[in-house]
Amino acid sequence: MDFILTTNAITKQYGSYKACNEVSIHVERGDIYGLIGRNGAGKTTLMKMIGGLAHPTSGSFEVRGRNGETTSQMLPKIGILIEAPGLYPNMTAFQNLKTKAIALGIKDDEFLRGLLKEVGLENTAKKKAKQFSLGMKQRLGIAMALVSQPELLILDEPINGLDPQGIAEMRQILHHLSVDRGITILISSHILDELSKVATRFGIIHEGRLLEEASKDELLSRCNERLELRTSDMSRTLDILHTMGFSKLEVADDKIKIFERLNEGGAITVALAKENIMTNEISRKSEELEDYYFQLTGGQKND
Amino acid sequence: MIKLIKMNLYRMTHAVSTWVLMACMIAMTLFAFSMNKLVLDDPFNMNLSQGMQDVPTYMTSIDSISSYVQVGMIIMLVGIFVVIFTNAEHKCGFDKNIVGITKSRAKQTIARWISSIIGATALTVVGQGFYIGLSAAFMNDFRWDSAKDFLCVCAVAYLGLVTFVTLFFFFTTLFNSSTGGIVATCFISTGLLALIESLLDKVADKVFSSPAHVPSDFFLDSAFMYLDLNSVAVKGCTFFLILCAAYIVLSLGGSVLLQQKRDIR
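So the protein sequences, as listed, match chains A and B.
Residue numbering for the first sequence is 1 to 303, as defined by the working numbering.
Residue numbering for the second sequence is 1 to 265, as defined by the working numbering.
In structure tokens, the structure reads:
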């Protein structure tokens with residue numbers, strides 16, 4: 001696999017508190033990798049370490065296969081927008097971009113105007129950053145991250161606090177950057193619904209630990225409608241199900257989960273009874289991504 | 001490094017605070033010049049009121065340097081500039097945009113320090129140039145010293161300024177806030193620190209009975225304020241030069257170390 005970013009048991013400890021505890025994520029080139037987690041789960045800390053803003057207490061990370069001392073050489077290829085966008089409030093959007101461009105030795109003003117156009121800020125003229133709405137600031141933050149023409153973009157809660165229109169615009173920008181420009185994106189959010197609309201791969205982080213890493217398809221399949229079956233002899237049940245032609249099966253927590261032909265529950269129990277296998281439980285279940293997340297983290301929904 | 005310095009100068013020239021401080025510096029220069037002119041033009045009345053004798057009725061170009069840079073208010077203005085400029089990047093979070101693009105944080109810190117010096121130099125050159133210009137134009141008796149002596153004094157005064165800039169730069173980095181930096185700056189430039197130094201001097205005097213050096217000799221503010229710039233060209237000022245070098249190395253080294261170890265929040 002072509003990983004652009006991997007972390008190896010990366011840990012950040014403040015005193016006795018581990019904000020990030022041996023987290024190992026794997027981001028493939030072209031992914032939009034969604035980091036899901038509550039506030040304080042360790043998402044920002046992880047992103048800060050990858051972006052070079054914080055030093056890991058232990059562990060390491062590789063960018064395009066480079067690690068150790070050579071990782072810092074790859075940092076210019078990472079664009080970051082972590083927490084609030086870092087902007088000079090008394091400068092215009094263009095001047096903010098220009099400031100970073102000078103540090104990079106970029107003299108092409110047209111390139112900077114192109115970036116502003118890409119994030120929909122081409123008509124802000126002499127308006128200063130302090131007069132921008134939150135959505136505009138976030139978009140300018142993304143443009144700032146793009147100045148270094150990064151291969152990997154790290155966006156920490158970019159949709160936080162945006163109105164529905166702002167969220168839709170942000171989704172469009174992310175889609176454009178991923179599809180049209182081929183930029184790999186690592187994005188965090190605690191708004192699962194929105195993240196599920198853009199991300200292609202997910203990492204679920206809770207209390208500093210990575211609980212699960214899965215592709216969008218894998219994750220959604222775990223949330224899909226299914227039959228859950230518990231019997232007196234699970235291994236023979238599996239054989240019988242295979243004989244009946246079921247292939248989309250999963251065994252977890254002493255249960256067999258069946259993801260196809262969901263209306264054949266009756267036929268299954270009859271087939272099991274013929275083989276003297278007792279059906280202890282059979283039920284049809286489905287859940288939202290959010291439910292799955294709460295189930296995984298042992299939390300509850302805030303109604 | 002050059003690119004980072006250019007970036008810093010770009011943001012410096014686009015910051016409102018730079019121009020406000022420049023205006024303050026010019027206003028302060030006018031005020032300082034007016035006061036000096038008042039004393040020199042009418043020494044009799046001023047001497048009577050202050051009970052002073054032998055105050056010269058003319059001003060030399062070296063006098064104009066010492067009466068300008070050795071004033072706490074000018075040091076304070078320069079300090080405020082350094083604090084605001086140094087902390088601006090962190091305050092608005094812009095440092096997050098650039099920390100990844102250079103491989104060394106030491107380079108970033110040194111580039112910011114050099115930029116602070118350039119900014120402080122510009123402020124002081126404008127102020128000092130204006131002051132000398134006013135003195136030459138409007139003082140009844142203004143005398144130019146020899147170019148060699150004048151340049152020598154300028155160099156020593158400039159070294160003092162650079163040392164103050166480095167010290168204020170260190171305090172701002174240490175406290176990581178404008179408030180902390182400005183409090184430290186005011187503490188040093190308004191003479192509050194000098195009060196503590198005089199207490200330390202008295203203690204040292206009692207303990208060691210007239211030591212060759214008292215603690216205040218090693219404090220930058222006292223060393224600079226009491227440095228006789230008029231005699232620098234003749235007698236030299238080796239101790240002051242060594243002291244400045246020590247302050248610069250320690251303050252800059254400390255700032256670099258802090259930035260390298262610290263996480264960006």
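Using N, Cα and C, we set each Cβ at its ideal position, and we do this for glycine too.
Treat the numbers as computed from the prediction; the structure is a model and nothing was measured.
Across the segment 193-221 of chain B, no CB contact with chain A closer than 7 angstroms is found for any residue.
When DSSP states are grouped into helix, strand and coil, L161/B belongs to the helix group. The beta carbon of M139/B does not come within 8 angstroms of any beta carbon belonging to chain A, so the residue lies off that interface. With its beta carbon at least 8 angstroms from every one in chain A, R112/B lies outside the interface. Going by C-alpha positions, P56/A is about 45 angstroms away from L238/A.
Going by DSSP, Q13/A is part of no alpha helix (DSSP H) but of the beta strand (DSSP E) stretching over F3 to Y14.
Taking all protein chains shown into account, N263/A has fewer than 16 neighbouring C-beta atoms within 10 Å of its C-beta and is therefore exposed.
Of the residues A137/B, G180/B, L30/B and A155/B, the one whose Cα lies closest to the Cα of V82/B is G180/B.
Collapsing the DSSP output to three states places C92/B in coil.
Y68/B sits in a helix when the DSSP states are folded into three classes. Proximity of the segment 161-172 of chain B to the segment 73-92 of chain B meets the contact definition, three or more beta-carbon pairs being nearer than 8 angstroms.
Boundaries around T231/A are those of the beta strand (DSSP E), R226 to T231, since no alpha helix (DSSP H) includes it.
For the segment 17-35 of chain A, the set of residues with a beta-carbon nearer than 9 angstroms to any beta-carbon of chain B is empty. Rounded to whole angstroms, the gap between the alpha carbons of L77/B and M25/B is 7 angstroms. Annotation for L227/B: C237 and F240 place their beta carbon closer than 7 angstroms to its own, counting only its chain and skipping 5 residues before and after. For H90/B, same chain residues with a beta-carbon under 7 angstroms away, outside a window of 5 residues either side, are N176 in chain order.
Residue contact check for G100/B against chain A: a CB pair falls below 8 angstroms.
When the five nearest sequence neighbours on each side are left out, the beta carbons in the same chain lying within less than 6 angstroms of the beta carbon of E250/A are those of K257, in order along the chain.
Counting C-beta pairs closer than 8 angstroms gives three or more between the segment 34-46 of chain A and the segment 200-219 of chain A, which meets the contact rule. Taking 7 angstroms as the upper bound on Cβ-Cβ separation, chain B lies near residues M144 of the segment 128-147 of chain A. Partner residues in the beta bridge of Y33/A, as assigned by DSSP, are L186/A and R201/A. Cβ-Cβ distances below 6 angstroms link T279/A to T231, T269 and L272 in the same chain, with the five nearest sequence neighbours on each side left out; the list follows chain order.
If you draw a straight line from the Cα of I183/A to the Cα of R226/A, it comes to about 35 angstroms.
Taking L162/A as the centre and dropping the five residues before and after it, the same chain places the C-beta of G135 closer than 6 angstroms to its C-beta, in chain order. Under DSSP, M59/B takes part in a beta bridge, and its partners are F142/B. In terms of beta-carbon proximity, A84/A lines the interface with chain B, with at least one pair separated by less than 8 angstroms.
Only buried fits K255/A, as 16 or more other CB atoms lie within 10 angstroms of its CB.
A contact is defined here as three or more CB-CB pairs under 8 angstroms, and the segment 27-36 of chain A meets this definition with respect to the segment 174-191 of chain A. Taking 8 angstroms as the cut-off, the Cβ atoms of A204/B and S222/B do not count as close.
In terms of beta-carbon proximity, M47/A stays away from the interface with chain B, with every pair separated by 8 angstroms or more. When S135/B, N8/B and K206/B are compared, the shortest CA-CA separation from S34/B is found for S135/B. Contact check for N230/B against A111/B fails: the beta carbons are separated by 8 angstroms or more.
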